[in-house]
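Take a look at the structure set out below.
Protein chains: 2
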Amino acid sequence: MNDFKYCTPTQYVFGRGVESQTGQLTRSMGSTRVLIVYGGGSVVRSGLLGRVKQSLDAEGIEYFDLGGINPNPTDDRVYEGIELCRANGIDGVLGVGGGSAIDTAKAIAGGALYDGDFWDFYAGKAIMTEALPIGVVLTIPAAGSEGSGNSVITKLDGLHKISLRTDTALRPRFAVMNPELTFTLPPYQTASGIADMMTHIYERYFTNTPDVEVTDRVAEGVLKAIINEAPKVMADPENYEARANIMWCGTLAHNGVCGTGRQEDWVSHFMEHELSAVYGVTHGAGLAVIVPAWLTFMVDHNPGKVAQFARRVWDVDIADDRLAAIEGINRLKDFYRSIGMPVTIKELGIENPDIDLLVKKLHENKGEVIGGYYRLTATETEQIYRLAL
Amino acid sequence: MNDFKYCTPTQYVFGRGVESQTGQLTRSMGSTRVLIVYGGGSVVRSGLLGRVKQSLDAEGIEYFDLGGINPNPTDDRVYEGIELCRANGIDGVLGVGGGSAIDTAKAIAGGALYDGDFWDFYAGKAIMTEALPIGVVLTIPAAGSEGSGNSVITKLDGLHKISLRTDTALRPRFAVMNPELTFTLPPYQTASGIADMMTHIYERYFTNTPDVEVTDRVAEGVLKAIINEAPKVMADPENYEARANIMWCGTLAHNGVCGTGRQEDWVSHFMEHELSAVYGVTHGAGLAVIVPAWLTFMVDHNPGKVAQFARRVWDVDIADDRLAAIEGINRLKDFYRSIGMPVTIKELGIENPDIDLLVKKLHENKGEVIGGYYRLTATETEQIYRLAL
Numbered sequence: 071m072n073d074f075k076y077c078t079p080t081q082y083v084f085g086r087g088v089e090s091q092t093g094q095l096t097r098s099m100g101s102t103r104v105l106i107v108y109g110g111g112s113v114v115r116s117g118l119l120g121r122v123k124q125s126l127d128a129e130g131i132e133y134f135d136l137g138g139i140n141p142n143p144t145d146d147r148v149y150e151g152i153e154l155c156r157a158n159g160i161d162g163v164l165g166v167g168g169g170s171a172i173d174t175a176k177a178i179a180g181g182a183l184y185d186g187d188f189w190d191f192y193a194g195k196a197i198m199t200e201a202l203p204i205g206v207v208l209t210i211p212a213a214g215s216e217g218s219g220n221s222v223i224t225k226l227d228g229l230h231k232i233s234l235r236t237d238t239a240l241r242p243r244f245a246v247m248n249p250e251l252t253f254t255l256p257p258y259q260t261a262s263g264i265a266d267m268m269t270h271i272y273e274r275y276f277t278n279t280p281d282v283e284v285t286d287r288v289a290e291g292v293l294k295a296i297i298n299e300a301p302k303v304m305a306d307p308e309n310y311e312a313r314a315n316i317m318w319c320g321t322l323a324h325n326g327v328c329g330t331g332r333q334e335d336w337v338s339h340f341m342e343h344e345l346s347a348v349y350g351v352t353h354g355a356g357l358a359v360i361v362p363a364w365l366t367f368m369v370d371h372n373p374g375k376v377a378q379f380a381r382r383v384w385d386v387d388i389a390d391d392r393l394a395a396i397e398g399i400n401r402l403k404d405f406y407r408s409i410g411m412p413v414t415i416k417e418l419g420i421e422n423p424d425i426d427l428l429v430k431k432l433h434e435n436k437g438e439v440i441g442g443y444y445r446l447t448a449t450e451t452e453q454i455y456r457l458a459l
Numbered sequence: 071m072n073d074f075k076y077c078t079p080t081q082y083v084f085g086r087g088v089e090s091q092t093g094q095l096t097r098s099m100g101s102t103r104v105l106i107v108y109g110g111g112s113v114v115r116s117g118l119l120g121r122v123k124q125s126l127d128a129e130g131i132e133y134f135d136l137g138g139i140n141p142n143p144t145d146d147r148v149y150e151g152i153e154l155c156r157a158n159g160i161d162g163v164l165g166v167g168g169g170s171a172i173d174t175a176k177a178i179a180g181g182a183l184y185d186g187d188f189w190d191f192y193a194g195k196a197i198m199t200e201a202l203p204i205g206v207v208l209t210i211p212a213a214g215s216e217g218s219g220n221s222v223i224t225k226l227d228g229l230h231k232i233s234l235r236t237d238t239a240l241r242p243r244f245a246v247m248n249p250e251l252t253f254t255l256p257p258y259q260t261a262s263g264i265a266d267m268m269t270h271i272y273e274r275y276f277t278n279t280p281d282v283e284v285t286d287r288v289a290e291g292v293l294k295a296i297i298n299e300a301p302k303v304m305a306d307p308e309n310y311e312a313r314a315n316i317m318w319c320g321t322l323a324h325n326g327v328c329g330t331g332r333q334e335d336w337v338s339h340f341m342e343h344e345l346s347a348v349y350g351v352t353h354g355a356g357l358a359v360i361v362p363a364w365l366t367f368m369v370d371h372n373p374g375k376v377a378q379f380a381r382r383v384w385d386v387d388i389a390d391d392r393l394a395a396i397e398g399i400n401r402l403k404d405f406y407r408s409i410g411m412p413v414t415i416k417e418l419g420i421e422n423p424d425i426d427l428l429v430k431k432l433h434e435n436k437g438e439v440i441g442g443y444y445r446l447t448a449t450e451t452e453q454i455y456r457l458a459l
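Chains A and B supply the protein sequences, listed in that same order. Everything in the first sequence is counted per this note's numbering, starting at 71 for the first residue and increasing by one. Everything in the second sequence is counted per this note's numbering, starting at 71 for the first residue and increasing by one.
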């Protein structure tokens, strides 16, 4: 086990109707003038935004709007939000929606306190140590941003999609989590969220750090819970209990509890980020395609942990590591198909992907050699993209 | 799944030599004059206390000592600590040791800010909402107090051993966790710690709250990790990796991640607290005795979750719930015996326990009917004590 520091100060408030506590929670994080960052129509149409504002009104908290944040959120909206914060003396940022709204809210919260260009943090030119207080009202269980210190933003100039990770600066002060708010998520988005949260676990699970039994077991436990609950939410979108389990799984998948004391990987995310940036695919669906290809590559390069994954998570009963791994990957693909996820680039609707471009951008953004579980150069990442065709 | 609030703001600093960061961490919690609360000789003899003080010196932090805290810590030392805080303008409390030192530190930290008698909080006459900042240097993985908002203190007058639970007031600001500090723990204390942390999970796991798959799976995962690592620490007390896994298991067992969204039980703890208070047994060893008896009682009263425990944690492959439960309890007892734990009151060295007294004190302290998984009156708790004979 590696040495680690771990702190998750977020106050999670979970259950039916908890969005009515947003005002109170905002006040208790010390904010009196907040920027509300949200996505497209559903947050407005469902009346959620209205209820959140009502709750802020009740506490006498002023607010300003930054709506219409798109999936794979872009830097232009961050600059716009930072300007709004500065012009209006804003002292807190609320993200209402899924990962895109929340990640944009985070980038704004960090950028507002920084004299330079906020992109410096994402480009690795500066280290973010402070941000305006951030609150979250979650509507999509997927990105895990409600409990993480991370934020992913795409720079429009060059379509660089970059993930920033902070220890605590970007961890929300509170996260309001009402599973009922996810009842209306379309099946494809529900399933994409499931693939996304599962991958947050894989990126931590697949490691060469030895003797991490406790985090292995926790990771396997959350994965088994997802696999158990996913069919229920797909079959019955208004199953509160299954929605609640999936929502909390999404948080545990990414708040770090599955990752303490181990080297992490994140290559599947990096490879998917290029797919998203170039072809605009849904992040989780892209991951459902990349991960099986990445795992398949590992069968012949580092099968050990893939075999453990197959045995402990998918109950594969095969002694040989390579064969166990292959069977585990097959069961994973069957599972993704069963919830309506694609498992090939072609099934993503991309007939002739420009793999040279994807590989070039990947290594431009992330370096010549990437990955923790297995070190990959452009030769290997090209192979993995091809395995996903 | 029940609605819940959950917040674990503790900064965990985990790894070799991390006690040298105590001074820095104390400063970052805003304290400049601290009370150091610690136990008996080993913290002093090992040089740990000296290294902690050196680290405080390096940051210019003043300190006062409250040493010699005994297992099953008592209210007299808490009053003494509160006096020391008030007399010396102390603005932070450090617990150095295991649960007894840490729980005493917590009681002092809460009591120092309260005008009345600190026991009001434990007696349920007042609700603790604030405390002096608390830091921890952990040497015994067992109580989980390094990450919990709880504190257990025994009132000498009447030997009432009472657990106080706060949402966040008593959660440590930081916990320094170096597995090397546990190398010298005697086998009996190591095993008692293991039985204690396992019981922190059971108390949450055994619930009638339906649809808590994710917390079930996380709880089962941590239990499986403990079962896997325990024989290693017993066989080789200086196995860093196994010690590290056990140490982190102890934290996860009790920081709440295994308990979100569900009714909890805690009867095994209540019943053991009476054993500890009256006979001075080691808490974990007492739990190793009480839990199998409590589970055995459930075989004929509410076997469902015990059967799930048997199947998922102990790999019992029996279809009938009652029979599966019985086999799981047998495997649990075998496990406890294998690490040198007693599984009967007699094996605790108590030949003729005064069960009437235990039952009387139990219900005096905790009410006429207790328990979440199964409601127990004096008739049933007497049966359970007798099952433990």
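Each residue gets a CB set at the ideal place from its N, CA and C atoms; glycine is no exception. As the structure is a computational prediction, the values presented were derived from the model and not from experiment.
message: Counting only Cβ pairs nearer than 7 Å, list the residues of chain A close to Lys294 (chain B).
response: Arg287
Query raised in the report: For Val163 (chain B), which residues of its own chain have a beta-carbon under 6 Å away from its beta-carbon, when the five flanking residues on both sides are left out?
Result: Leu105, Ala175, Ile178, Ala179, Leu202, Ile204
Next on the checklist: With distance defined between alpha-carbon atoms, name the residue in A:Asn140, A:Glu129, A:Val122, A:Asp187 nearest to Ile152 (chain A).
Outcome noted: A:Asp187
Notebook entry, point to check: So Asn435 (chain B) is in the alpha helix (DSSP H); what residue range does that whole segment cover?
Noted result: 425-436
Rounded to whole angstroms, what's the CA-CA distance from Arg97 (chain A) to Thr209 (chain B)? Just pull it up for me. 38 Å
Beta-carbon proximity list for Arg274 (chain A), same chain, < 6 Å, skipping 5 on both sides: Cys328, Gly329, Glu334
TODO: On a CA-only basis, which of A:Asp306, A:Ile296, A:Ser346 is nearest Leu322 (chain A)? Give me that one, please.
DONE: A:Ile296
Check your understanding: Which residues in the same chain have their Cβ closer than 6 Å to the Cβ of Ala182 (chain B), if we skip the five residues on either side of it in sequence?
Key -> Ile152, Cys155, Leu202
| said: With three or more beta-carbon pairs closer than 8 Å as the criterion, would you say the region 388-402 of chain A touches the region 426-434 of chain A? | reply: no
Among the candidates B:Val88, B:Val222, B:Ala458, B:Gly442, whose CA atom is the shortest distance from the CA of Arg121 (chain B)? B:Val88
Chain-ordered residues of the region 172-188 of chain A with a beta carbon less than 7 Å from chain B: none
Selection from A:Pro143, A:Asn140, A:Met99 that minimises the alpha carbon distance to Leu126 (chain A)
A:Met99
Requested in this report: State the beta-bridge partners of Gln81 (chain B) as determined by DSSP.
Outcome: B:Phe244
Worksheet item: Curious, which full-length beta strand (DSSP E) runs of at least 3 residues does the region 243-315 of chain A contain?
Response: 244-247
Just to confirm, is the Cβ distance from Gly374 (chain A) to Asp391 (chain A) under 8 Å?
yes
Q) Rounded C-beta distance between Lys431 (chain A) and Glu344 (chain A)? I'm assuming under 8 Å. A) 5 Å
Quiz item: By how many angstroms is the C-alpha of Glu452 (chain A) removed from the C-alpha of Lys75 (chain B)?
Solution: 45 Å
Please list the partners that Asp73 (chain B) has in chain A, where partner means a Cβ-to-Cβ separation under 8 Å. Phe84, Gly85, Arg86, Val88
(Q) Is Pro307 (chain B) close to chain A? Criterion is C-beta to C-beta, closer than 8 Å. (A) no
TODO: Return yes when the Cβ of Val166 (chain B) is within less than 8 Å of the Cβ of Leu119 (chain B), no when it is not.
DONE: yes
Starting from the C-beta of Thr144 (chain B), find all residues in its chain whose C-beta is less than 8 Å away, skip the five residues before and the five after it, and write them out in chain order.
Ile223, Thr224, Lys225, Leu226
Helix, strand or coil: which one does DSSP assign to Thr352 (chain B)? coil
ask   = Apart from the five residues on each side of it in sequence, which residues of its chain come closer than 8 Å, Cβ to Cβ, to Ile131 (chain A)?
value = Gly93, Thr96, Arg97, Ser101, Thr102, Arg103, Val104
* To do: Measure the Cβ-Cβ separation of Met411 (chain B) and Ala358 (chain B) and say whether it is below 8 Å.
  => yes
Discussion item. DSSP three-state label for Lys225 (chain A), please.
Written reply: strand
**OP:** Please compile the residues from chain B whose C-beta is within a distance smaller than 9 Å of the C-beta of Val206 (chain A).
**Re:** Neighbours of Val206 (chain A) on chain B: none; closest Cβ ~14 Å, over 9 Å.
From which residue to which residue does the beta strand (DSSP E) around Phe134 (chain A) run? 132-136
_Residue from A:Gly169, A:Gly419, A:Pro256, A:Val207 with nearest C-alpha to Asn220 (chain A)_ = A:Gly169
Beta-carbon within less than 6 Å of His371 (chain A)'s beta-carbon, same chain only, minus the 5 sequence neighbours each way: which residues are those?
Tyr444
Check your understanding: Under three-state DSSP, which class holds Lys195 (chain A)?
Key -> coil
| request: Verify whether the separation of the beta carbon atoms of Met247 (chain A) and Ala212 (chain A) is less than 8 Å. | output: no
Report task. From the DSSP output, in three-state form, read off Tyr455 (chain B) for me. Result -> helix
Select from A:His353, A:Arg115, A:Gly441, A:Asp73 the residue whose C-alpha is nearest the C-alpha of Thr254 (chain A). A:Arg115
Check your understanding: Listing by chain order, which chain A residues have their CB less than 7 Å from the CB of Trp384 (chain B)?
Key -> Under the 7 Å cutoff, chain A gives no residues; its nearest Cβ is about 14 Å from Trp384 (chain B).
Residue of B:Asp281, B:Val282, B:Gly214 minimising C-alpha distance to Ser262 (chain B)
B:Gly214
Requested in this report: Pick out whichever of B:Ile454, B:Thr447, B:Ala458, B:Gly437 has its Cα sitting closest to the Cα of Gly194 (chain B).
Outcome: B:Gly437
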